[in-house]
Amino acid sequence: MRKWHRWLSVLFGALILFIAVTGLMSHVAALVADGQPAPVAAAPAGFVCPETMTCRPKPAPDGARAWVGFLHHLHSGEEFGPVGTALAMLSGTALIFFAFSGLWLYIQMFRGRAGSPKRGGRFFW
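Residue numbers for the sequence shown follow UniProt numbering, so the first one is 1 and each next one is one higher.
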């Protein structure tokens, strides 16, 4: 298990770091955009709202709101097409693997040291 954990961390470490950074930047941009009023886009030429409906134009993204969408596309891999989306999904799967394999390795090391008179079964060493 340790060999797989080590080799996969070398392959996916940079991708997971990229996903973490873009996710954090996306949240920060969303917090900044929440404080700004949403601009209202004009209705397309020739558009007539039906009498039975109330039509509101969709806000046009600009400033911080445009960054939120762009960072989300980077974070999800959509900016790089199907290959980027597949890499983002593989990185998420690798992150789940690292969490479980790291916990498994810790339990194995803890069990190995639990009987050691030098360590006395402490949680961290």
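Beta carbons are placed, not taken as given, at the ideal position from N, Cα and C, and that holds for glycine.
Measure the CB-CB distance between residue i and residue j and report whether it falls below 8 Å.
{"i": "T22", "j": "L71", "result": "yes"}
{"i": "S101", "j": "F12", "result": "no"}
{"i": "A29", "j": "W4", "result": "no"}
{"i": "I16", "j": "A99", "result": "no"}
With DSSP collapsed to three states, give me the class of residue i.
{"i": "T85", "result": "helix"}
{"i": "G63", "result": "coil"}
{"i": "F47", "result": "coil"}
{"i": "T52", "result": "coil"}
{"i": "M109", "result": "helix"}
{"i": "G77", "result": "coil"}
{"i": "M1", "result": "coil"}
Roughly how many angstroms separate the alpha carbons of residue i and residue j, rounded to a whole number?
{"i": "Y106", "j": "A20", "result": "24 Å"}
{"i": "V32", "j": "L24", "result": "13 Å"}
{"i": "G69", "j": "S76", "result": "11 Å"}
{"i": "S26", "j": "A14", "result": "18 Å"}
{"i": "S9", "j": "G81", "result": "24 Å"}
{"i": "R2", "j": "R113", "result": "17 Å"}
{"i": "W7", "j": "F97", "result": "12 Å"}
{"i": "T85", "j": "F18", "result": "13 Å"}
{"i": "G46", "j": "G63", "result": "28 Å"}
{"i": "Q108", "j": "M89", "result": "29 Å"}
Closer than 8 Å, CB to CB, is residue i near chain C or not?
{"i": "G63", "result": "Included in the structure is just one protein chain, with no chain C present."}
Does the distance between the C-beta of residue i and the nearest non-hydrogen atom of the ligand HEM fall short of 7 Å?
{"i": "A88", "result": "Among the components of this structure there are no ligands whatsoever, and the ligand HEM is therefore not found."}
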